[in-house]
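Engineer: This is the structure I have questions about; it appears just below.
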Amino acid sequence: MRGDELNRNAPYLDVVGEQWEHILSLYAAFQDKRPVMLFDIQEGRIYAYPYAEFKAGLSKRSQGLLKRQYQEAAHEDKIVVFVRDNEKRRLVSYCLA
């Protein structure tokens, strides 16, 4: 995949990479609960949410997508990470190890 294609398909992957150590550190504190992680770009903060609480705040369509992604993450020992960009009105998720 070319770089411009990667940026379109994973526009916030670089941002996640820059925060990865911090994301892992917070995740580790709640690892037994398998939280959904959220990085808010404008706030510059990372949050760990219980799966059910985070899912409840999403649309029905997004709930279904999160359910599949969360199951994949559990099966493959990965973490679900969301990036929220309020300026661009985007919420993007990744399933990462």
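Here the sequence shown is numbered in the working numbering, starting from 1 and rising by one per residue. For each residue, glycine too, the CB sits at the ideal point set by N, CA and C. Bear in mind that the values here come from a model prediction, so they are computed numbers and not experimental data.
Check Y70 in the structure and name its three-state DSSP category.
Structural biologist: As a first step, residue 70 is located in the sequence shown; it is residue number 70 there, counting from the start. DSSP places Y70 in helix when its eight states are reduced to three.
Engineer: Counting only runs of 3+ residues fully inside the region 4 to 43, write out the beta strand (DSSP E) ranges in chain order.
Structural biologist: 36 to 40
Engineer: On the DSSP bridge list, what partners appear for L58?
Structural biologist: For the purposes of this step, residue 58 is identified with residue 58 of the sequence shown, where counting begins at 1. Per DSSP, none; premise fails for L58.
Engineer: Thinking C-alpha only, which one of F54, D85, P11, L13 is nearest Y70?
Structural biologist: Here the question's residue 70 lines up with position 70 in the sequence shown. For the residues F54, D85, P11, L13, the minimum Cα distance to Y70 belongs to F54.
Engineer: Considering Cα atoms alone, identify which of I79, A48, A52 is closest to F30.
Structural biologist: Counted from its first residue, the sequence shown places residue 30 at position 30. The shortest C-alpha to C-alpha distance from F30 to any of I79, A48, A52 is the one to A48.
Engineer: Short check: CB of P35 to CB of P11, under 8 Å?
Structural biologist: Here the question's residue 35 lines up with position 35 in the sequence shown. Here the question's residue 11 lines up with position 11 in the sequence shown. Contact: no.
Engineer: Using the Cβ count rule (16 or more neighbours within 10 Å means buried), how would you classify L65?
Structural biologist: Here residue 65 refers to the residue found at position 65 of the sequence shown. Flag for L65 reads exposed.
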